[in-house]
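**Q** Per our numbering, residue 76 is the first one in the sequence shown, and the count goes up by one each step.
For every residue, glycine included, the Cβ atom is placed at its ideal position computed from N, Cα and C.
Quick one: this structure, given as structure tokens, is what I'll be asking you about.
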Amino acid sequence: MKQEVTRVLADGAAASAVSLGAATKLGWFEFINTNAPALGFLASCIFGIIATVFYLMTYSKATQADQNKKDLQAHIKETEVSFNHVNSGIDEILSKLTEKNDK
């Protein structure tokens, strides 16, 4: 007798748990269905903010890349000037050595 009552109570508890879960899911569906425009607007705002952040990050990286290219070109020009200066010094030394050897 006690086992039968316990079984009925257990079945009732399981049935109520399942129905509460279904009601909760149905409640969420009704909430989403009722507030779909507002939820869509909020999702659009959130994704818009994320897209703006990614755009700004990409823009800053592109700007930094352009600045790096300018810095690199300036460094190349400075290096060429230094090499030309060194080459003129080497040419001067070689001309002095050849003059000394010619005498």
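By DSSP, does asparagine 108 sit in helix, in strand, or in coil?
**A** Start at 1 with the first residue of the sequence shown, and residue 108 comes out as number 33. Helix, per DSSP.
**Q** Cα separation between phenylalanine 116 and isoleucine 125?
**A** Sequence index remark: in the sequence shown, residue 116 carries index 41 (1-based). Sequence index remark: in the sequence shown, residue 125 carries index 50 (1-based). For phenylalanine 116 and isoleucine 125, the distance between alpha carbons rounds to 14 Å.
**Q** Between isoleucine 107 and leucine 114, how many whole angstroms is the CB-CB distance? I'm expecting something under 8 Å.
**A** Position 32 of the sequence shown, counted from the start, is the residue given in the question as residue 107. Position 39 of the sequence shown, counted from the start, is the residue given in the question as residue 114. Yes, they are in contact, since the Cβ atoms of isoleucine 107 and leucine 114 sit about 7 Å apart, within 8 Å.
**Q** For serine 157 and glutamine 148, I'd like the C-alpha separation in whole angstroms.
**A** Walking along the sequence shown from the start, residue 157 turns up at place 82. Walking along the sequence shown from the start, residue 148 turns up at place 73. Taking the straight line joining both Cα atoms gives about 14 Å.
**Q** Tell me the rounded alpha-carbon separation between leucine 101 and aspartate 141.
**A** Working through the sequence shown from its first residue, we reach residue 101 at position 26. Working through the sequence shown from its first residue, we reach residue 141 at position 66. Their backbone Cα atoms lie some 55 Å apart in a straight line.
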